[in-house]
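What follows is a single structure, written as structure tokens, with notes after it.
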Amino acid sequence: MLVSFFGHRSFSFRRSGTADEVTTDAAQDTAPLGSTAVTDSAGQKHPRVSVVIPAYNNGEYIEATVESVLAQTYDDFEVVIADHSSVDGTWEKLQRFASDPRVRILRTDAGGGARRNWDRVSQAARGELVKVVCGDDLIYPRMLERQVAALDAAGPETVIVASARDLIDGRGKVFLRARGLSGLSGPVDGRTALRTIVRSGTNPLGEPACVLMRRAVLEDAGWWDDTFPYYIDAGTYAHLLVRGNLVALPEPLAAFRVSASQWSVRLAREQATQAAGFHDRARSMAPESVSASDVRIGNLRARIAASKRRLAYVWLGRRMHAETAAG
Numbered sequence: 273m274l275v276s277f278f279g280h281r282s283f284s285f286r287r288s289g290t291a292d293e294v295t296t297d298a299a300q301d302t303a304p305l306g307s308t309a310v311t312d313s314a315g316q317k318h319p320r321v322s323v324v325i326p327a328y329n330n331g332e333y334i335e336a337t338v339e340s341v342l343a344q345t346y347d348d349f350e351v352v353i354a355d356h357s358s359v360d361g362t363w364e365k366l367q368r369f370a371s372d373p374r375v376r377i378l379r380t381d382a383g384g385g386a387r388r389n390w391d392r393v394s395q396a397a398r399g400e401l402v403k404v405v406c407g408d409d410l411i412y413p414r415m416l417e418r419q420v421a422a423l424d425a426a427g428p429e430t431v432i433v434a435s436a437r438d439l440i441d442g443r444g445k446v447f448l449r450a451r452g453l454s455g456l457s458g459p460v461d462g463r464t465a466l467r468t469i470v471r472s473g474t475n476p477l478g479e480p481a482c483v484l485m486r487r488a489v490l491e492d493a494g495w496w497d498d499t500f501p502y503y504i505d506a507g508t509y510a511h512l513l514v515r516g517n518l519v520a521l522p523e524p525l526a527a528f529r530v531s532a533s534q535w536s537v538r539l540a541r542e543q544a545t546q547a548a549g550f551h552d553r554a555r556s557m558a559p560e561s562v563s564a565s566d567v568r569i570g571n572l573r574a575r576i577a578a579s580k581r582r583l584a585y586v587w588l589g590r591r592m593h594a595e596t597a598a599g
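In this note's numbering, the protein residues as written are 273 to 599.
In structure tokens form, the structure reads like this:
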């Protein structure tokens, strides 16, 4: 377990062998920051930010995920968790957070795929801004503080802010630092950002934990788009980026957990195929910004990236096996 106690605390990195391990320490000198709560038409006040967690069989990591959210230096937020009928004890572990006034815990009936739970938990958000954090990832204590400030500074035409992230293994050890963004930095025109995504052949904005979005724009976009399931995140970002602009923060503010069991030859082929479909869709959404040449370049890079990713997962699996064998 990455986190062994509950409360406001700050992350540190503990050296462990050849990698770093994400841990938490009690906050000593950083007071929580916040902003004025949002008031709806009925006069009811809501938090500015909703951090929503679609959980499914995340029993091994869900407590660490929730604790990383509750450890934010920015304090004007709520946490909404929807458990998609897990069978590994996720629901039971979530009950330790039920008494926290910042937390709401929901249960989603089985079926409907990832989109069903992602949509449900996003629609339950009451904040003006929404961040989705999957049930095994982490966000660092200053993430909301940094991202809210960046979005506010950029103005209302900016609809999404993204940061770099670290990659961690199943034990919480960092094996790649500050990944993502493909050179994007600061304010970026939304359609220019979409072109960069296509040409990269990957998802440089990262997993949902890396981004903060305006809830109203996500709703206007039709919530989450799983036309290409492996691109449910980038596919949804595309809808936002044709509606507004991006702010990119090169600072790593999240940790994305990967495991060797997530990858296979079949998955590599399927993801490259879905990447091509997503690139065609992106071009149809912004033909003045995304060219046929951009699509061809992106398709080639997607195939290369899929092969590299498969090799990386083989390496990760061998490393974790060796560490387990060594005790």
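All C-beta atoms, glycine included, are put in the ideal place defined by N, C-alpha and C.
Where does Arg463 fall in DSSP's three states? helix
What are the start and end residues of the beta strand (DSSP E) that includes Glu339? That residue, Glu339, is in no beta strand (DSSP E); its alpha helix (DSSP H) goes 334-342.
Count the CB pairs spanning the region 352-365 and the region 429-438 that are closer than 8 Å, and state whether there are at least three. no
Please report the straight-line C-alpha distance between Leu416 and Ala327, rounded to a whole angstrom. 20 Å
Using a Cβ-Cβ cutoff of less than 8 Å, which residues in the same chain neighbour Ser556 once the five nearest sequence positions on both sides are dropped? none
Closest Cα partner of Glu400 within the set Asp424, Thr464, Leu525: Asp424
Rounded to whole angstroms, what's the CA-CA distance from Ala343 to His551? Just pull it up for me. One C-alpha to the other measures close to 37 Å.
Let's see if you can read the secondary structure: which residues bound the alpha helix (DSSP H) around Glu417? 415-426
Alpha-carbon to alpha-carbon, Asp347 and His318: 12 Å
Taking the alpha carbon of Leu410 as the reference point, which residue from Thr362, Arg529, Ala422, Ile504 has its own alpha carbon closest? For Leu410, the nearest C-alpha among the options comes from Arg529.
Which residues in the same chain as Ser457 place their Cβ atom closer than 6 Å to its Cβ, once the five residues preceding and following it in sequence are excluded? Ala520, Pro522
Please state whether DSSP places Val470 in a helix, a strand or coil. helix
Helix, strand or coil for Ala396 per DSSP? coil
Do you know how far the Cα of Glu339 is from the Cα of Gln543? 32 Å
By how many angstroms is the C-alpha of Glu491 removed from the C-alpha of Ile377? 21 Å
Opening and closing residue of the alpha helix (DSSP H) in which Arg368 lies: Looking at the DSSP string, Arg368 is not in any alpha helix (DSSP H), and its letter there is neither H nor E.
For Ala223 and Lys580, I'd like the C-alpha separation in whole angstroms. One cannot answer for residue 223 here, as it falls past the ends of the chain, which runs 273 to 599.
Could you name the residues of the same chain whose beta carbon sits closer than 6 Å to that of Ala547, not counting the 5 residues immediately before and after it, in chain order? Ala574
With 16 as the cutoff for other CB atoms within 10 Å, does Leu572 come out buried or exposed? exposed
Count the other C-beta atoms from every protein chain shown that fall within 10 angstroms of the C-beta of Glu335, then say buried if there are 16 or more, exposed otherwise. buried
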